[in-house]
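Chemist: Residues 493 to 682 (this note's numbering) make up the sequence shown, in order.
Attaching a single structure in structure tokens format; questions to follow.
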Amino acid sequence: MALTAIGLCSRALLKIGATPLTSFDEGTAEAEVAAALYAPTRDALLSARAWSFATAQAVLPRLATEPVADYAHAFQLPADFLRALSAGAASRGRGLDYRIAGRALHAGSSSVVLTYVYRPAEEDFPAFFDQALIARLAAEFCIPLTENSSRADGLHQLAEAEFRRARLIDAQQDVQPGFEDFSLIEARGA
493 MALTAIGLCS RALLKIGATP LTSFDEGTAE AEVAAALYAP TRDALLSARA WSFATAQAVL
553 PRLATEPVAD YAHAFQLPAD FLRALSAGAA SRGRGLDYRI AGRALHAGSS SVVLTYVYRP
613 AEEDFPAFFD QALIARLAAE FCIPLTENSS RADGLHQLAE AEFRRARLID AQQDVQPGFE
673 DFSLIEARGA
């Protein structure tokens, strides 16, 4: 079952014995804490790894304004951009020297393909990520709502364990990259 932001927060609130939400605007302490902490916690967890479900590639549009120094061109980052993984030119998604500056990517190439972590809709999160996010939210909500620091410490440990489990599951979803363009391998084949 796909969960919404409200559903994820409600499950986290239930873990700490608080009342679940129906809306971020309902005026309760739970709603205020969830509204303030949900988005930054979600984005931090998404940014912490190159999740298979939250990785995309895009050809970036070039900006009219050029960088002041070091690079010849500036490109607009996608609206859902959270973290860069690599950049390439033409049909390659890596191998290009670049720098992120504000909401732009600077590079020497006249075209850029960016591989990046983005913010998918909550309904597209896989179950293993839902569990990791719920555990992290419960840990974040605990102190402001219960003022129990020892319970918060236990929840943070649980959140770390859930994160490790989610990372392990996600890592099994693609082939691990091998060495490319490595001179010793090339010499062995000659």
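Quick reminder that beta carbons are idealized off the backbone N, C-alpha and C, glycines included.
Would you tell me roughly how many angstroms separate the C-alpha atoms of F620 and A528, rounded to the nearest one?
Modeler: By one-based count along the sequence shown, residue 620 stands at place 128. By one-based count along the sequence shown, residue 528 stands at place 36. Rounded to the nearest angstrom, the two C-alpha atoms are 24 Å apart.
Chemist: Put I596 into one of helix, strand or coil per three-state DSSP.
Modeler: Along the sequence shown, read from residue 1 onward, the residue named residue 596 stands at position 104. Just to set this straight, residue 596 is Ala in the shown sequence, not Ile. Strand, per DSSP.
Chemist: What are the partner residues of F655, as DSSP defines its beta bridges?
Modeler: Here residue 655 corresponds to residue number 163 of the sequence shown, with the count starting at 1. Beta-bridge pairing links F655 to no other residue.
Chemist: State whether the stretch 627-644 contacts the stretch 605-617, with contact taken as three or more CB pairs (one from each stretch) at a distance under 8 Å.
Modeler: Touching, no.
Chemist: Would you mind giving the Cβ-Cβ distance between A581 and L588, rounded to the nearest angstrom? I have them listed as a contact below 8 Å.
Modeler: Mapped onto the sequence shown, residue 581 falls at position 89. Mapped onto the sequence shown, residue 588 falls at position 96. Contact flag correct, Cβ pair sits at about 5 Å.
Chemist: For T557, count neighbouring Cβ atoms within 10 angstroms of its own Cβ and tell me buried if that reaches 16, exposed if not.
Modeler: One-based indexing of the sequence shown puts residue 557 at position 65. Exposed.
Chemist: With a cut-off of 8 Å, do at least 3 Cβ pairs link the stretch 532-542 to the stretch 655-664?
Modeler: yes
Chemist: Since V525 is in the alpha helix (DSSP H), which residue starts that stretch and which ends it?
Modeler: For this step, residue 525 is matched to residue 33 along the sequence shown. Taken as a continuous stretch (DSSP letters only), the alpha helix (DSSP H) holding V525 covers A521 to S539.
Chemist: Of all the options Q549, F633 and G594, which has the alpha carbon lying nearest to the alpha carbon of I508?
Modeler: Counted from its first residue, the sequence shown places residue 508 at position 16. Comparing Cα positions, the closest option is F633.
Chemist: Which partner residues of A548 appear in the DSSP bridge assignment?
Modeler: Taking the sequence shown and counting its residues from 1, the one referred to as residue 548 is at position 56. Per DSSP, Y608.
Chemist: Within the same chain, show all residues whose beta-carbon is closer than 6 Å to that of A624, passing over the 5 residues directly before and after it, in chain order.
Modeler: If you number the sequence shown from 1, residue 624 lands on position 132. So the qualifying residues of the chain are E654, F655 and A658.
Chemist: Does L660 pass the burial test, meaning 16 or more other C-beta atoms within 10 Å, or should it be called exposed?
Modeler: Position 168 of the sequence shown, counted from the start, is the residue given in the question as residue 660. Taking all protein chains shown into account, L660 has fewer than 16 neighbouring C-beta atoms within 10 Å of its C-beta and is therefore exposed.
Chemist: How should A504 be labelled, buried or exposed, when 16 other C-beta atoms within 10 angstroms of its C-beta is the threshold for buried?
Modeler: To locate residue 504, count along the sequence shown from 1; it is residue 12. It is buried - the Cβ of A504 has at least 16 other Cβ atoms within 10 Å.
Chemist: Span of the beta strand (DSSP E) holding L574?
Modeler: Taking the sequence shown and counting its residues from 1, the one referred to as residue 574 is at position 82. Per DSSP, L574 belongs to the beta strand (DSSP E) from F573 to G580.
Chemist: Within a Cβ cutoff of 7 Å, which residues of the same chain sit near T638, ignoring the five residues on either side of it in sequence?
Modeler: Along the sequence shown, read from residue 1 onward, the residue named residue 638 stands at position 146. Cβ neighbours of T638 beyond the five flanking positions: I508.
Chemist: Cα-Cα, which of T514, T520, V604 and S544 is closest to D666?
Modeler: On the sequence shown, residue 666 is found 174 positions in, with the first residue counted as 1. Ranking the options by Cα distance to D666, first place goes to S544.
Chemist: Pull up the CB-CB distance for L577 and A566, whole angstroms please, since I reckon it's below 8 Å.
Modeler: For this step, residue 577 is matched to residue 85 along the sequence shown. For this step, residue 566 is matched to residue 74 along the sequence shown. Approximately 19 Å separates the beta-carbon atoms of L577 and A566; this is outside 8 Å, ruling out the contact.
Chemist: Excluding the five sequence neighbours on either side, which residues of its own chain have a C-beta within less than 6 Å of the C-beta of A564, listed in chain order?
Modeler: To locate residue 564, count along the sequence shown from 1; it is residue 72. G600.
Chemist: Anyone know if the C-beta pair for L629 and L495 falls short of 8 Å?
Modeler: For the purposes of this step, residue 629 is taken as the residue at position 137 of the sequence shown. For the purposes of this step, residue 495 is taken as the residue at position 3 of the sequence shown. Contact check for L629 against L495 fails: the beta carbons are separated by 8 Å or more.
Chemist: Of all the options A548, S602 and L569, which has the alpha carbon lying nearest to the alpha carbon of G594?
Modeler: The residue labelled residue 594 in the question sits at position 102 within the sequence shown. Among A548, S602 and L569, the Cα nearest to that of G594 belongs to L569.
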